[in-house]
Amino acid sequence: MTGKLSFIPLLTMLTAATLTDGTAHAAMSDWANNEGGRMRLVALAPDAQGHIRAALQIEPAPGWITYWREPGESGIAPQVNPAPDGGITLEKTSYPTPKPIVVGKIQEIGYDEPVTLPLDFRVNGKQPVTLNLTAFIGLCKDICIPFQTQFSLPLSAAGQSTPHEQALLDAANALLPQAPSSDFAVENHQLSPDAKTLSLRLTLPEATGSTPLIYVTGPSGYVFFKQANGTRDGRTFATDIAIGKLPKNYDIKGKSWGILVIDGERAMETTLAFE
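End of the sequence shown = 278 in the working numbering, gap-free, step of one.
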């Protein structure tokens, strides 16, 4: 099943963090905890162009999971919202390569191990001394618990040495899917006239292997991943992705969808433009 996401029943809402020692220090917050795991915020000082490198670290408890940008057939996508009056805009949230997680007959997309989501912020006007935001994630096991907390993180002074935080952010970026390359790319994509099937032709890194995982993200809240007619001929792979119900009166002309392809140990992410 693909299309509009449904949600596992939500039993508990935590609106404030339980911190380990009640304090926060520059560049890294304390952990906020709940039954299903914990999360914290890491950030560097704004650079000369007003760019802030940051990340949300999430550690699910053993047996729990958290979610990718589109969680699949159920679940809760992460949300990061800077304070409206904080003078900071979130430009991008990036996601390391997720894995398929099957819960009964439901297929979800996410992480069952610690994951760090890189965040890119932009300063609007005067550089702030504090990064204020609300983070909202889902942590799921037998039930799905929405976990929300507010972070107020003093930013380190420009030029201050923060090697541990820089190394953490660099390591998180190294785990992101790669951009298209000569040996791993989408060569062609075409949506059927009835908008029910997306046909893809890909170049894959290896000439042999199992069927790659493919996640196509359409309008917000929609992800498509069910394949049919897949054929692998050397490093060329062709397949059809079933497109579920789209929003009413949705016009794909001029839109761009996202695509993530996972082939063995490598992952590639790009966009599909529709003329």
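Heads up, the beta-carbon is just placed ideally off N, CA and C, and yes, glycines get one too.
- Just measuring C-alpha positions, the residue of 230, 222, 238, 145 sitting nearest residue 251 is 222.
- If only uninterrupted alpha helix (DSSP H) runs of at least 4 residues are considered, those enclosed by the segment 109-190 are 166-177.
- A contact is defined here as three or more CB-CB pairs under 8 Å, and the segment 176-186 fails this definition with respect to the segment 61-78.
- Per DSSP, residue 70 is one residue of the beta strand (DSSP E) stretching across 69-75.
- DSSP places residue 272 in the strand class (E or B) of the three-state scheme.
- Going by DSSP, residue 214 is part of no beta strand (DSSP E) at all; its letter is neither H nor E.
- One alpha carbon belongs to residue 179, the other to residue 129, and they sit about 31 Å apart.
- Under a 10 Å Cβ-count criterion, residue 87 is classified as exposed, with fewer than 16 other Cβ atoms of the shown protein chains found around its own Cβ.
- Residue environment for residue 237: exposed (fewer than 16 other C-beta atoms within 10 angstroms of its C-beta).
- Judged by DSSP secondary structure, residue 42 falls within the beta strand (DSSP E) whose first and last residues are 40-46.
- Beta-carbon to beta-carbon, residue 141 and residue 69 are separated by about 6 Å, close enough to satisfy the 8 Å threshold.
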